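Working notes for the structure below.
Numbering (my numbering), first residue to last: 684 to 848.
Structural data, given as structure tokens:
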């Protein structure tokens with residue numbers, strides 16, 4: 684079960700792993716303005732299908748932003764996909780349409796990609812640095828007008844290539 688604090692943010696203030704059915708339940712079906720949120724979710728599903736069809740592998744996404752809060756009308760869905768570096772190198776420039784700013788104009792998804800390198804790879808430090816950067820970004824709100832930030836959780840989804848076909 685997903686719970687929210689007084690500010691409408693996910694608790695616990697950590698990575699909350701759920702499946703796509705629960706994601707749809709908590710952030711569309713059980714929210715006000717279901718039709719509006721469902722439109723955003725349709726864009727998101729199209730985005731994930733295109734990314735999956737391009738890569739032909741499974742990957743992990745962290746989903747953040749106003750869509751995973753009690754916000755009535757979020758503007759978009761913010762996410763980071765963690766993808767094996769070999770898959771990204773294989774598709775080359777074809778992935779550009781699925782990364783911000785193109786992802787925003789094509790799918791209304793603010794999407795970024797982190798290349799995942801194994802622990803024994805010489806570029807693993809880049810993956811670990813990127814992962815920590817996004818973790819830091821996603822566990823706090825943006826500062827409000829008074830400069831105050833609030834803790835929050837965010838969603839982790841496994842995007843299984845076979846299930847998306």
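The beta-carbon is built from N, C-alpha and C at its ideal position, and this holds for glycine as well.
Every value quoted in this text rests on a predicted model; they were computed, and no experiment measured them.
Less than 9 Å separates the beta-carbon of residue 710 from that of residue 750.
In this chain, the alpha helix (DSSP H) harbouring residue 820 covers 807-821. Taking the CA atoms as reference points, residue 768 sits about 22 Å from residue 821. In the three-state scheme derived from DSSP, where H, G and I count as helix and E and B as strand, residue 740 is classed as coil. Contact annotation: residue 793 and residue 760 have beta-carbon atoms nearer than 9 Å. By the C-beta density criterion, residue 744 is buried, having at least 16 other C-beta atoms within 10 angstroms. DSSP places residue 764 in the uninterrupted beta strand (DSSP E) bounded by 760-767.
When only Cα atoms are considered, residue 808 and residue 816 end up about 12 Å apart. 9 Å or more divides the Cβ of residue 714 from the Cβ of residue 758. Around residue 799, the same chain offers 765, 766, 767, 768 and 810 as residues with beta carbons nearer than 7 Å, after the five sequence neighbours per side are excluded. Per the coordinates, the alpha-carbon of residue 747 lies some 5 Å from the alpha-carbon of residue 837.
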